[in-house]
Structure formats: structure tokens, C-alpha cells
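See below for the structure under consideration.
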Amino acid sequence: MSQDYVIGEKTYRVRVGSGEAGAFDVAILERPQEEGAQVEARRFSARIVWVEGNTYALWLDGKKYLGQVVSGPEGDEVFIGGENYLVVPPQKATRRRAVAAHGAAKNVTPPMPGVVIKVLVGVGDRVEKGQGVIVVSAMKMETTLASPRSGIVTRINTCVEAQVKPGDVLIEVEEEEGAKDG
Amino acid sequence: MSQDYVIGEKTYRVRVGSGEAGAFDVAILERPQEEGAQVEARRFSARIVWVEGNTYALWLDGKKYLGQVVSGPEGDEVFIGGENYLVVPPQKATRRRAVAAHGAAKNVTPPMPGVVIKVLVGVGDRVEKGQGVIVVSAMKMETTLASPRSGIVTRINTCVEAQVKPGDVLIEVEEEEGAKDG
Amino acid sequence: MFEKVLVANRGEIAVRVMRTLSEMGIGTVAVYSEVDEKALHVLCADEAVCLGPAPPAQSYLDIEKIIDAAWRTKASAIHPGYGFLSENPRFSRACLDAGITFIGPPPRAMELLASKTASRRTMAEHGVPIIAGAESGNWDEDLLKREAEKLGFPVLLKAAGGGGGKGMRTVHAASELADAYSAAQREAQAAFGDGTIYMEKLLSAPRHVEFQVLLDTQGNGVHLGERECSIQRRHQKIIEETPCTVLDPELRATMGEAAVRAARAAGYVNAGTVEFLLDADRRFYFLEINARLQVEHPITEAVTGIDIVRKQVEIAAGEPLGLRQEELRPRGHAIECRIYAEDPAADFMPCPGTILALKEPVGPGIRVDSGIYAGYTVPIEYDPILAKVIAYGENREAARRRMVSALSGYAALGIKTPVSYLRAILEHEEFIRGNTDTGFLPRYFADWKPSQELVLEALVLAALAPRVRPAATIQAPSPDRAQFPSPFQTLGHWRLGET
Amino acid sequence: MFEKVLVANRGEIAVRVMRTLSEMGIGTVAVYSEVDEKALHVLCADEAVCLGPAPPAQSYLDIEKIIDAAWRTKASAIHPGYGFLSENPRFSRACLDAGITFIGPPPRAMELLASKTASRRTMAEHGVPIIAGAESGNWDEDLLKREAEKLGFPVLLKAAGGGGGKGMRTVHAASELADAYSAAQREAQAAFGDGTIYMEKLLSAPRHVEFQVLLDTQGNGVHLGERECSIQRRHQKIIEETPCTVLDPELRATMGEAAVRAARAAGYVNAGTVEFLLDADRRFYFLEINARLQVEHPITEAVTGIDIVRKQVEIAAGEPLGLRQEELRPRGHAIECRIYAEDPAADFMPCPGTILALKEPVGPGIRVDSGIYAGYTVPIEYDPILAKVIAYGENREAARRRMVSALSGYAALGIKTPVSYLRAILEHEEFIRGNTDTGFLPRYFADWKPSQELVLEALVLAALAPRVRPAATIQAPSPDRAQFPSPFQTLGHWRLGET
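Chains A, B, C and D, in that order, give the protein sequences. Just so we're aligned: the first sequence equals residues 1240 to 1421 in our numbering. Just so we're aligned: the second sequence equals residues 1240 to 1421 in our numbering. Just so we're aligned: the third sequence equals residues 138 to 636 in our numbering. Just so we're aligned: the fourth sequence equals residues 138 to 636 in our numbering.
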């Protein structure tokens, strides 16, 4: 049985087989999308015990880890070795990438939930890539959001004191005709 | 809507209605089996919020309790005000009482899981009520179990080093013909 | 002693204050905004009063509503915690007028200290050294530029009305002055209800060393030693420790004496913190007095064994301090790490959200002051501090290692926290050597990213967990071993002849 | 220093020892029996070795298997915890023979002390006062009777091979002697592998006061003050505190000096506990030396700031103690309550079972040393100790109140614990006054029953909980507030024109 997962930018294929004495034999392949380029990243003899709640004890080639796994809206949230990892099944990962491409590259969207403090531009303004266009406050810290590209502000979808969240497109910036981003 | 529960020796009927502003109006009646003798023990205006896991915040007439509730094999195990309570639905309570009557009154059964250390009597022995008949050890502490009545040992269902648990009848004691317990 | 005290705050500090109150046999009243109905401080209190909508101005900063809540619940004193109204003299006066004891300094001292500028002047008069700076009630671009050039860049713009890194900006060139000023001004207004800004010369990488002082109404005053708070990111303390690695007993005594003198100069009573900057030549400068319980007070509690909140309550009730300077012997070493809701992989952006799972470290010498729990949703409206981890050890290295262990076991899923960042700081060789100053993080951690070394291990865990996860975890844990059936189960079966 | 240490124990003490080892950067190896596969100490260790079946003789008492496990995992030292093999000189010798460091006293001292009778004699020779008693290797009914009558009833039968209340019986009349002897003998054999019994005159309601000592291989030795352990049920300590309310500095110094002298007389090295009985006239008598880490060591850690396990490891590694008696200044007050798996409503019957829910107290000054977790099944084969709650306070009353608060928040469902009993003891007026002696519990708590005052409240909670309990708690907490959707959710919808 094999299943694909995305962590960060990389895709992994995980193959789980039966090992000795109740252990699992787990093989991990990197970048399985390009079938020709599969690389076996690692093979583990794994033993796992559910402890309680979201806590698991995991032995990989004899080395023990005490970890946590919980399903979140974006994928499995995993805590192991003192760090958090987001392990995303590929169908979610695809949408995530699409969103990132759409939201981050073309429009201005807040990275965290917050409240709009100040709008720094108006419709029709010409802005440069990296220019601050709107100030958002979350948890009492202000962040100035920059335009992701040079162009003309075509639409402002928010106003001061509005509550906004990641994915909300606050300000739309269109490339000028004939111009191309660097 | 009303439901019966047993705590300890007493049976209570709980009636839950809607109160003001999302609160519940809870009336508790004591001993509802004898319909004529119902007594309203207490009436509460109750607000409850689930916090996490088994933890609940409960406000009774404005007084706040932080408690725990979990379903156990014998009923709902409840922690409130620093003490544990076993809240038993009546169908379970009936069986529980029957068991207690059967196990405790007539035969020798261990009160906790343990290991048999020594059998102090043999089949055919005459024993007095309260006489030690078998020694059981649990968690390294020894307990001597006593015969629940005077009579003749008719059967020994266990042996030294056997693992035993509550409900197991270890030794059966029959009343002598013509004799009656005091 | 008070019978009931209202805690005019939220989060970890409200929970921590209520713990001591409960231990003293004092009833506790929480106040909360509509988004905080299930906040931990509400669940911990004996009683709770809803103040209104989420924005602080309509809830935690609304003096009238809070006084009213105290009246309605018959609380005879109010503990303000830190932040919010804690250093607001109008609040302290309003309490006084309402016949409610404010657990903190008297209004007049607060009025003086609430103005960081006025307190600078008072300290200078009493011979406590201060940093060169400039004040104005009417800053404009020209004036900002003139004063900054007089002091020489870089300069620091600071809120006259409060501390904690809010409304503070470092400015390196005249061109940045106007923007920095308006941002600082807005932040200060939002945080403290006062947008006044002053300017100070920026010292090059000093240490931030503060002294905890306690003064009672009878005129007794002591200090409880120092806290070294140089590990700061954007003027926000994130790791504190005591003792400071560069203080010897002599300098400690000198600074401690200056701290108590500074507090007395301000007419201070109750617990307070006198902040100093300490430069590389071991010269120290008065920064400000924080007229409240400090976020990092637990490390002082760890090395002195004194419950500072209890002392606050006792002092407010008119009891004598009962401590003498020569008998106070801090012992061992303590470190605090602050856990904020922020993403260390994305420039420490604040990250509110729902906590899906939480496991806080425990163990000898570990204390966690927490305002969160699994299932709790961190709101966007308030300070991002979630919890503090405090580690005590016999010496600095024992405390540091204990903290590393504790952080390795701090699991919060569903939100982002800086735990791995904090651990990396604690493992940095210059931190290990005790070479900390306020330039530490910009110098060594500007480009830090989470190491994410166990990607493959995380993958295996996620892939295998569903294979061993029980169907319904909470209601009926089903461990591998057979459970002992309860008496009625066993005998029920037995009687029915089923087994 | 050792690279890896095997902990030859289970439960809370194994977990606690491993914490310190980890903080010292030392790898940890757990050993476990088949029923302990999911025990907390196994989950906490870096590595774990299964010893075999559940009965102690085939697992935790099997010297050969444990030495073998150390060899296989390349552990260079073994920490024995308390109980099991901790005071067994054969084990210590076997370690020595295998080239493994035993973290504890040298075999010769253990051999002397393992025999409570031989150590009594040694102490008497060194001028440490002992209680009148009798020994024999060949007890029979006659001899028992003769010696008991010589001492005068009541007498105490005690195991020569170990302490902790195992194999101990109080005998009030000659007729009980034979039964008491055989029960004590069996228990002693099971617990220590040695059924030898000796007899002592039973003092009337003395205090049990013990001193923690530390001695290194270079001949340095100190005591860390006393622990008062008079609150005992059936010779089993259940509440301990330090300092003892009746010791003044002079008596403390005298007893502490006697404790170090006693340890030196026995050739003792490492951490040990010298137990004394203290009578109403403030005379003290040597009882025994516990040649191991004591269950109640955390209260000494709380008032001295010293990690005793760390000291044990350092001493075993040959490092000097680094402590001087005159510099040791215990501060404040600490209390420990032991949480056993037992039913206070049913004569404290041991109650193994599955823990359905567990919430351990947290907060400033609270430490919980625990060997359990929610979902864990407490096995029948071992000691019923589950956890210990330790509370520190500036003075006895602060510590006592903190402990009451902590116990009020100790929720363990699915098993029985004595938490409400412990709280009742702490709230008893004679306890509050500090009037504790070994007769305290029989005198005031013989007929104690849980108060069960909140029956109706418990009923309401059980009746209403299902109405607000979410369907699936673990996977997706659904708090009252709307969650912030993640970026892809929001934008996904937005792009599809669904909102």
C-alpha cells in the first residue's frame, strides 16, 4: 500500500509493508510525480504504539520518538522531536499550492486574521512591486502588506476596521498593458 | 424529560427543562420508585459549557464548578469539587445490586483483582461467619477474605497463584441444614 | 484580608493571579469579553462577569464596566495584572473613588510613572543615571529630525504611556522618522490610550537588566535581585533569566540600592520593576519603572521562593512586608521562555487560531504559566502571549538544559509557536556562554529558519498513526491489555452461563 | 560522566530519574515486564528492554536479566530507584562484577544496611541511640512470645531485609504473634526476597523524622535537613513534609550530625536517608538507613533547590559533592502527598484498573511526579503508588493551602485514589497546628468516609454533559466561536463563487 504526502515543497510516496514481529517496513520515495526520477529516500523498520489522545510512541530502527498527530484543516499536524510538521495529503496540497499561487502572486491578502488599520492606496493608483499598500493589525502588532507586483490598483475590497482573514483579497493589482513583471 | 440515576444507595429522578437565556432548569426528585413518596430534593438553574476532553464548566445558581465526566463500565464517573462520584443509570444499578447481593452475601469473592496466596480451608470444613478462608494479594498487599456466613465449605474454585478478580466466586459456603444465619 | 478580588485581565496572568488568590482563601471574579467566554481565566474563576464586545476599548479597557463588575460581585479589591489598565492612573483613581482597593501602587506614583518622560526627570533629580533623550508634546517632522540629529542616529522612538515594546521604533535615518513616528504613535494610542512619543539615543547592544522591588505602606522596601532580559526581538522580551551572568555581588548591591531609591523617589508602594540598561563598561542607566506585576516575575519567584502576587495582595491589604534585605538570598538560576502565538517560519507573524492538541511540559523545576488548553481558540484581538515556561536549576547550565528538555516536550498543534526558535537560542554557543545583549537576536538569528530535521520521521508517524489509533478515544480507552471487568459484568455473564 | 544509564525500576520513580538523566545529556534505558509495555517509564526512555513476564521475580527482581539488558544496550551505569533491587547488595555486587556502575552505595555498606538488624548493632557501637528490640534467625511461637513479653506489648515485627511498611506488623497480644509473624514473613519474602523478621518495642505515637544525607567518594558528607513522615497508615507514609514543626535549629544540627555519623559508620557513599523516631520528650532513636533514593525526596529538593538524583549520578561518577554544610540553607516549606491506587471508601483496598480520565494539578510551587496517564491500565502486580503531589510554599501554611488547592484539582477517573482523604487530613485542625505523630491517622481518621457533599451537583453534571459534549472530540474540536478558515478553504470557495 502506498500513499503520497506533501511536506513543505516536497512530495513523498510512503509504502508501508509488514516487517518482523509486528513492525512495519516503511519505504519513502521522494518526488514520485516524475515516475522516472523516484529516489528511495529512506527505509525504516517502524514500531508504533498509540499512547493516549493524540500521543504515539514510535520506534524507527530502534530509536524512540514520542510524538503527536492530529488532523487539522490543512492536513495532519505532527509534533516530533520538538518541532511541528504539516503533513498534507496531495489532494489538499494541490489546492494549497493553487491558492498560494493565486493569492500571493497576484493580489494582496493578509497572512493572518486581523483588522485593517489603514489603506495606503486608492483605486487607479500605480504601485511598485513591494510597495506598502495596506496596514493590518493582529494581536496588537501592525503589519504593512506589500503589493506582490507593479501595476495599477483596480479594486479595494475592504475598509478601515474591517476584520480580514487569510485568503481574503483586500486589494487587487492588475499589470499595466504591455508591461511585464521582472 | 426525566431520567433516573443511582448514586450510592439512593435513586434520583432528574428533570431537565429550558431555563432563561440558554440555561437549563433542573429539578431533582429523591426515591422516585415509590411514586407516592417523591420529594423534590433540589432545583437548580444550570449553565454548562464543554471545555475540552472530559472537562466541563458548570454554573449552578451562579456558583461555578469545573468538573470531569467520563463513561465507565459501571456508569458515568464524575469528578466535581475535588471528589469522585459514580452516577449509575438504573438498569446498570439493578444489575450491580443483584451482583452485590449474590457475590457478597453468599460466597467469597475478591474485592479487587489479585493473586491467591494461600487457601486457609478445605472442602467440607465448617467455617464461622467472619472467619478468614483465603489470602489474596494485590499490589503487594495481602488481604484475608472472610466467609460471609457460617456453614460448610462446598467448593473451592481457585488455587494458589491463580489470578482472580471481583465477581469470581473463589469459595462457596453452604448453610448447614436446619441452621440459619443470625 | 479581602474576601473577594476581581482580576481585571485575561490569559495566563489572570489565571496565575487567581491561583494565588484561591490559595489565600480569597474568592475570585473574572471579567471577560464576548470572545473570551471559554477563556481559561473565566473557567478558573469562582465568578465571571461579561464586559461586552471583543475590542479592548469596549471590554478590558473600559474602566466603568470593570468598576461596575466589582460592585455587582462585591469584590473589595481589583488586581490589574499586566498590560490593559494595569499602569493607568485613571483606573487606579477610579478604584479609589469607588472604595475598591487597587492592588498596585498609589495613583500619584502611577501618574508620575505612567509618563515615562516625567519619571525620567524625577530619577535624574534623585541621582539615578538616565539615557540622553528628547521630549515633546508637539512632534513634527522637523522637530523629530532636529532632535534625532542632535542625539545622533540611531535613535529610539518610545511611547510615553507604556512599555512592553508597543509603540516603539528604532530609526536609523532621518527619512524613516515620519513613518516610524506615526506607526509608533498609532500603536501607543491603541495599546495605552495615549499616543505621546519621546526619543532616546539608542545604546549599542546594551544588556537589559531589571530589578524587582517590593515596598509596603509602612515604608519598608527591598529588592529581590535582578532579571536579565536582553534576549529581545523587536523590543519584545522573549527569554529572561536570573541572575544576570555579568553582575557581581557588588554591582548587584549598587543597582539594587538604586532601584529601591528610584521606587522611593516615585512614592512607590507594592511590587514594581525598575528597568536599567547596562552597557559593556558596566555602567547602568535608568530606563523606566514598570508599575505592575511583570510578565517575567516567575523567575524571581523561582530563585527567591517568594510568591510575588501574594506579597502584592498582602501589601495592598496594609500588611507589613516581613522581609529584610540582608535575609534575602536568591538561590540557583531560573530562565523563562515566552510562548507567543506567532510563526517563526514566517517572520513571526501573529497566528491566532484553534489549538487542536496541547501537551505542556511537566517535571521537577518546570513551571508553566498558561492561558490556553486543547480546543481553545486564540482570538485575534489581544496580545499574542499564550504561556510562559519557567525552568529552575541549581546553576545556569542546569536550568538551561532543563529548559531545552521542557521545550522539546512542548507540543501545541493547530497554531504556530516559536518553541523551536527558543530552543535554538538556548542552544546557541554565545547564549551558553552567557553573552547576551539586546543585539543578540539581530546578530545571530536574523536568518533563522526551523530546521525541520525530522521530516521523514514525521511522515512515518502521520502514515502509521491511523493504523493504531482507536476508534473512539475519549469515551472508552481500550488499551492492549485486557481490562478487568467490573463485578456486575463478570457475575452477570457467569450467572447467565455465557462463559 | 556516563553516556547511557539503565533505570532498573518502573512507575513514577523511573520517570523522574530519567528526567534528570536526560537533562544531564545522558541516554536512558528502561526495562519493563510484559504488562508494562505501555507504562510511562517505557515511553519516556530513549530505549527499552523487555525483561519478561509480569511477576517481579521474573522481571524487575531478576538480576541476571537486568545486567544483561545493560550489556546489550551498552549502558555503563544502573540507577535502581527505590524498592525492587535498590537495596539488594547482591545486585550491587553483580553490577560491580559486570563492570557496570551501580548508582548507590558500595556493596559492603548495602550488605550491612540491608540487614536492619546488623545496622542497628553498628549504630549502637557508634553511639547512635537505638530502640530496644530482639533478633533471631529461628523464630518460633515460643521465642516470639518470650521476646515480646520481655519487651512488653505492643511490639512491632519488622522485615530485616527492607522498609516501606512491607513485612511489618504491630502485635498487641501474644495470641496474634504467630499469624502476624507468618504474614510479615511472607510479605517480606515477596517484597525483598528475604523473609527474616526482627522485633522492636513499639514506641507510643512517636514522630517519624528522617534526614537526607549525601556522601561522596572523597569523604565529603552533608545532610540536607529532615523530613517529617509521621502521617502513616499501616506503617505506610502517605504525607511527608519538611521542615518538621518541632525541630529547632539546635536539635536539627544534633540529629543531622548524628545522621552523617551514622552514614559514615556504615561506610556509606551516595544519597541515603537516616530514619529516626522522635518521642514526645524530643529524644531520638535510630530506626534504619534507607540505602537508596527515598520516595519523598522531592520535598527536600523543593526547600534546598538541589536535584538529589543529579547528585547521585555525579557521586557515582566520582565527582566531588561540591556542597558545604554551612552553606546549605533550606528555605520555605514543602509537603508531599502520595497518590496510591486504593479505595478510601473501602478500607483502602488496592484498586488496579484503567484510568479513563486524568487531570493532574499544575501551577507555581506545584510538582507532580507521575507514572500514569489517561488510558493507562494500572497493573495488579506492583506497588500501588501512582504519583506524588509536592507543594512548596514560603511557610507551612502557604504550602498546606497550596496542597489543598492542588488536590482539589487532581482528577483521576476510572480508578480509586485517596485524594479526598488526603485533603481531609490536610484540613484537620491538628494537622494545621502541626501536631502530627505516627498515631495521628488511627486517632483521628479511623472512621473516615468520603464526604460526598456534591451528590446533586454531580448528578446535574452527568445529566447535562451529553447535551453539550461534541460528537468527535479528538479529531476536530469545534469551539463555539467560528474558526478562521485556512487560506485554501477561503480562496477555494471564493474562486468558485460559492460565497
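Even glycine gets a Cβ: it sits at the ideal position worked out from N, Cα and C.
Interface with chain D (8 Å Cβ-Cβ cutoff): C/V359 is excluded. The beta carbon of D/P521 sits closer than 7 Å to those of Y477, A478, E479 and P487, all from its chain and outside the five residues before and after it, given in chain order. Assignment of C/S542 by DSSP, reduced to helix, strand and coil, places it in the helix class. C/D234: member of the alpha helix (DSSP H) spanning P226 to D234, first to last residue. Three or more beta-carbon pairs drawn from the stretch 468-477 of chain C and the stretch 515-530 of chain C are found closer than 8 Å, and the two stretches are therefore classed as touching.
In terms of beta-carbon proximity, D/D173 stays away from the interface with chain A, with every pair separated by 8 Å or more. A direct Cα-to-Cα measurement between C/G302 and C/Q373 gives close to 5 Å.
Three or more Cβ pairs drawn from the stretch 243-256 of chain C and the stretch 418-426 of chain C lie within less than 8 Å of each other, which places the two stretches in contact. For A/K1357, the secondary structure class from DSSP, reduced to helix, strand or coil, is strand. The stretch 352-431 of chain D is shown to contain whole beta strand (DSSP E) runs of 3 or more residues at 358-370, 373-379, 407-415 and 421-427, in chain order. Put simply, the stretch 460-469 of chain C touches the stretch 428-440 of chain C. At least three CB pairs are less than 8 Å apart.
Beta-bridge pairing by DSSP links D/C488 to no other residue. DSSP places C/F577 in the helix class (H, G or I) of the three-state scheme. The C-beta distance from C/A145 to C/G218 rounds to 7 Å, short enough to fall under 8 Å. Closer than 8 Å at the C-beta level to chain D, one finds these residues of the stretch 428-453 of chain C: P435, E438, G442, I443, D444 and R447.
Close to B/L1305, with beta-carbon spacing below 7 Å, are these residues of chain C in chain order: L180. Taking a C-beta cut-off of 8 Å against chain C, the contacting residues of the stretch 1274-1302 of chain A are A1280, R1281, F1283, A1285, I1287, V1288, W1289, E1291, G1292, N1293, T1294, Y1295, L1297 and L1299, listed in chain order. Annotation for B/F1318: G1306 and Q1307 place their beta carbon closer than 7 Å to its own, counting only its chain and skipping 5 residues before and after. With its beta carbon at least 8 Å from every one in chain A, C/P481 lies outside the interface. Within the stretch 497-520 of chain C, the residues whose Cβ lies closer than 9 Å to some Cβ of chain D are E497, V499, G500, P501, G502, I503, R504, V505, D506, S507, A511, G512, Y513, T514, P516 and I517, listed in chain order. If you compare the alpha carbons of B/F1263, B/S1241, B/D1264 and B/G1247 with that of B/V1253, the shortest gap goes to B/S1241. Remark: three or more beta-carbon pairs, one from each stretch, lie closer than 8 Å, so the stretch 588-601 of chain D and the stretch 1286-1300 of chain B are flagged as touching. Beta-bridge partners of D/I476 (DSSP): D/A524. The three-state reading of DSSP puts B/R1252 in strand, counting E and B together. In the three-state scheme derived from DSSP, where H, G and I count as helix and E and B as strand, C/H178 is classed as helix. Where C/S159 is concerned, there is no enclosing beta strand (DSSP E), although the alpha helix (DSSP H) around it starts and stops at G148 to E160. At a cut-off of 8 Å between beta carbons, C/R560 makes no contact with chain D.
Assigned with DSSP and collapsed to three states, A/V1408 falls in coil, not helix or strand. In this structure, the straight-line span from the alpha carbon of C/E463 to that of C/I445 is close to 18 Å. As the crow flies, the alpha-carbon of C/E378 is around 36 Å from that of D/A494. In this chain, the alpha helix (DSSP H) harbouring D/K282 covers E278 to L288.
Using a 10 angstroms sphere on the CB of D/G236, the tally of other CB atoms stays under 16, which defines it as exposed. C/H470 is bridged by DSSP to C/G530.
One thing to note: A/L1359 has its Cβ within 8 Å of the Cβ of A/V1374. Contacts with chain B (Cβ-Cβ distance below 8 Å) from the stretch 184-205 of chain C involve E184 and A185, listed in chain order.
Looking at A/A1285, A/T1250, A/K1368 and A/V1354, the one whose alpha-carbon comes closest to that of A/E1259 is A/A1285.
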